Amino acid sequence: MSAFFDNVHLILIAAAFAAGFIDSIAGGGGLVTVPALLLAGMSPIESLGTNKLQSLFGSASATVAYAQKGHVDLKKQLPSALMAALGAVGGALLAGFLPGDVLRAFLPLLLIAIALYFAVKPNMGDVDRAQRLTPFIFGLCIVPLIGFYDGLFGPGTGSFFMLSFVSLAGFGLLKATAHTKLLNFSSNLGGFITFAFLGAINWKIGLLMGVAQFIGARIGAGMAMKNGAKIIKPLLIIVCLALATKLLLDGDNPVRVWLSDLF
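Sequential numbering of the sequence shown, starting at 244, is according to the numbering used here.
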């Protein structure tokens, strides 16, 4: 047993459990797992591929939990789920060809803007509001675009889905969270299939972490359904700001490099 579970494995399992819990409520689980995989010695591409595998378990667990309580109709959302997966496949295929500097530069600013939106917008609760886009247009345009981003780059995907569901689809926070998990699962699946085809997955570690993700996500989803906007809103703001801070502190972030050269 000790040969199978060394200290590195235990740390990765703990990271996956925490990521599943956080991700099922507010997104941002990759903020925990991708750095942990990199610290474990994986290459960037293998870290991304393995992260897609283990995150499938968490997003599936949360999706099932929300569906069982009637917060998302899986059959009704299948077309949107398919569009998210197709978008992610396209993004993952282009990930090796497009420069990521522009995304790395602007993503922290976008995440800070999302955090401010949820922090200052009044009456942000679990009650649905007026739609700005029809479900058809939302599923045809917004969903594959965010799925494409997930396959291409990834961090903050859940936050972008949440923002879109609340501001454009008119969902309350709990309903938006439930639907975000389904589309997150779909985009994860699309990215996972692509990375598996490229042979960029550590299956042993991915499956071990996946079990922990599943358990953590189940617990987190239950807490979100019990407390609603009272826990979703503050955790979403914290996750967005934490992810923005991490990206800005990255030595390769173009904004930090530009500021270092300027001063």
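Using N, Cα and C, we set each Cβ at its ideal position, and we do this for glycine too.
Being a predicted model, the structure only gives us computed values, none of them experimental.
Who are the Cβ neighbours of residue 337 in its own chain at under 7 Å, not counting the five residues just before and after it?
Working through the sequence shown from its first residue, we reach residue 337 at position 94. If we look at residue 337 and ignore the five residues flanking it on each side, its Cβ neighbours are 395.
Is residue 405 helix, strand or coil by DSSP?
For the purposes of this step, residue 405 is identified with residue 162 of the sequence shown, where counting begins at 1. Helix at residue 405.
Chain-order list of residues whose beta-carbon lies under 8 Å from that of residue 463 (same chain, five-residue window excluded)
Residue 463 sits at position 220 when you count from the first residue of the sequence shown. These residues qualify, in order along the chain: 263, 264, 265, 266, 267, 268 and 305.
What whole-angstrom Cβ distance do residue 302 and residue 445 have, given they're in contact under 8 Å?
Taking the first residue of the sequence shown as 1, we reach residue 302 at position 59. Taking the first residue of the sequence shown as 1, we reach residue 445 at position 202. Residue 302 to residue 445, Cβ: 19 Å. No contact.
Return the chain-ordered list of same chain residues with a C-beta closer than 6 Å to the C-beta of residue 258, the five sequence neighbours on each side being excluded.
Stepping through the sequence shown from its first residue, residue 258 is reached at position 15. Only 275, 276 and 279 meet the Cβ criterion.
How big is the Cα-Cα spacing for residue 470 and residue 448?
Counting from 1 along the sequence shown, the entry for residue 470 is found at position 227. Counting from 1 along the sequence shown, the entry for residue 448 is found at position 205. So the two alpha carbons sit approximately 33 Å from each other.
Neighbour-count burial assignment, residue 492, 16 or more Cβ in a 10 Å radius:
Here residue 492 refers to the residue found at position 249 when the sequence shown is read from its first residue. That one is exposed.
Considering Cα atoms alone, identify which of 397, 484 and 328 is closest to residue 432.
Sequence index remark: in the sequence shown, residue 432 carries index 189 (1-based). Among 397, 484 and 328, the Cα nearest to that of residue 432 belongs to 328.
From 420, 291 and 254, residue whose alpha carbon lies closest to that of residue 436:
Reading the sequence shown from its first residue, position 193 is the one you call residue 436. Out of 420, 291 and 254, 291 has the C-alpha closest to the C-alpha of residue 436.
Taking all protein chains shown into account, decide if residue 250 is buried (16 or more other Cβ within 10 angstroms of its Cβ) or exposed.
In the sequence shown, residue 250 corresponds to position 7, counting from 1. When all chains shown are included, residue 250 counts as exposed.
Relative to the C-alpha of residue 293, which candidate in 490, 440, 459 and 478 has its C-alpha closest?
Position 50 of the sequence shown, counted from the first residue, corresponds to residue 293. Closest by alpha carbon: 440.
Rounded to whole angstroms, what's the CA-CA distance from residue 418 to residue 314? Just pull it up for me.
The residue given as residue 418 occupies position 175 in the sequence shown. The residue given as residue 314 occupies position 71 in the sequence shown. Straight-line Cα distance between these residues: approximately 6 Å.
Count the other CB atoms, across all protein chains shown, that sit within 10 Å of the CB of residue 320; report buried if there are 16 or more and exposed otherwise.
By one-based count along the sequence shown, residue 320 stands at place 77. Under this definition residue 320 is a buried residue.
Counting only runs of 4+ residues fully inside the segment 433 to 503, write out the alpha helix (DSSP H) ranges in chain order.
446 to 470 and 472 to 492
Where does the unbroken alpha helix (DSSP H) through residue 252 begin, and where does it stop?
The residue given as residue 252 occupies position 9 in the sequence shown. That run of the alpha helix (DSSP H) goes 250 to 269.
If you scan the segment 264 to 340 from start to end, which runs of the alpha helix (DSSP H) of 4 or more residues do you find wholly inside it?
273 to 282, 287 to 311 and 321 to 337
What does the alpha-carbon distance come out to for the pair residue 404 and residue 386?
Reading the sequence shown from its first residue, position 161 is the one you call residue 404. Reading the sequence shown from its first residue, position 143 is the one you call residue 386. Roughly 8 Å separates the two Cα atoms.
Is it buried or exposed for residue 377, if we count other Cβ within 10 angstroms and need 16 for buried?
The residue given as residue 377 occupies position 134 in the sequence shown. It counts as exposed.
Is the beta carbon of residue 484 closer than 8 Å to that of residue 358?
Taking the sequence shown and counting its residues from 1, the one referred to as residue 358 is at position 115. Taking the sequence shown and counting its residues from 1, the one referred to as residue 484 is at position 241. Yes; because the gap between Cβ atoms is below 8 Å, this pair is in contact.
In chain order, what residues of the same chain lie with their CB nearer than 6 Å to the CB of residue 459, ignoring the 5 residues before and after it?
Here residue 459 refers to the residue found at position 216 when the sequence shown is read from its first residue. Cβ within range, chain order: 260, 263 and 264.
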